[in-house]
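Have a look at the structure below, then the notes.
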Amino acid sequence: MNYLRIKKNSEFSRIFKRGIRVHSPALSLILFPSEKMRMGIAVSKKHGKAVVRNRIKRLLREAFSKNSKMLGKSWAVVILPRVAEEYSYRAFEKSLISCFKKVNNGCGR
946 MNYLRIKKNS
956 EFSRIFKRGI
966 RVHSPALSLI
976 LFPSEKMRMG
986 IAVSKKHGKA
996 VVRNRIKRLL
1006 REAFSKNSKM
1016 LGKSWAVVIL
1026 PRVAEEYSYR
1036 AFEKSLISCF
1046 KKVNNGCGR
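Sequential numbering from 946 applies to the sequence shown in the numbering used here.
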């Protein structure tokens, strides 16, 4: 694991209020500059029961850990998945990469 987890409600609310938003077909990212790479996931009950929500979180954590090096500097990132019929690792990874490219190009600012 090459990142820290965001767990506290105060950290989530600070990132939601001041963060940069970047969107893709399967995800929305909210980024805030940080000293270390940090990541949190917010999955609502609209996505399904606990088993489905936990699977989404596992897939997102794996995709983020594999591709987080694409971000140029350290960020605190909150990932918000969009509601879909099916969730796959490949779709999440593709959306994360496109969001990271937007952030590196300066489109989210």
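C-beta atoms are modelled at their ideal positions from N, C-alpha and C, and glycine is treated no differently.
Which residue's Cα is closest to the Cα of Lys952: Leu1004, Ile986, Arg1027 and Tyr1034? Here the question's residue 952 lines up with position 7 in the sequence shown. It is Ile986 whose Cα lies nearest to the Cα of Lys952.
Check whether the Cβ atoms of Met984 and Arg963 sit closer than 8 Å, and answer yes or no. Position 39 of the sequence shown, counted from the start, is the residue given in the question as residue 984. Position 18 of the sequence shown, counted from the start, is the residue given in the question as residue 963. For Met984 and Arg963, no; Cβs fall outside 8 Å.
Under the DSSP definition of a beta bridge, which residues are partnered with Met1015? Looking up residue 1015 in the sequence shown gives position 70. DSSP output for Met1015 lists no bridge partner at all.
Close beta carbons around Phe1045, own chain, < 7 Å, minus the five adjacent residues each side: On the sequence shown, position 100 is the one that residue 1045 refers to. So the list reads Asn1012, Met1015 and Leu1016, once near-sequence residues are dropped.
From this set, Asn1050, Leu972, Gly1051 and Val996, which residue's C-alpha is nearest Val1028's C-alpha? Locating residue 1028 in the sequence shown gives position 83, where the first residue counts as 1. Closest by alpha carbon: Leu972.
Alpha carbon of Gly993 to alpha carbon of Glu1038, nearest angstrom: By one-based count along the sequence shown, residue 993 stands at place 48. By one-based count along the sequence shown, residue 1038 stands at place 93. Cα to Cα, Gly993 sits roughly 21 Å from Glu1038.
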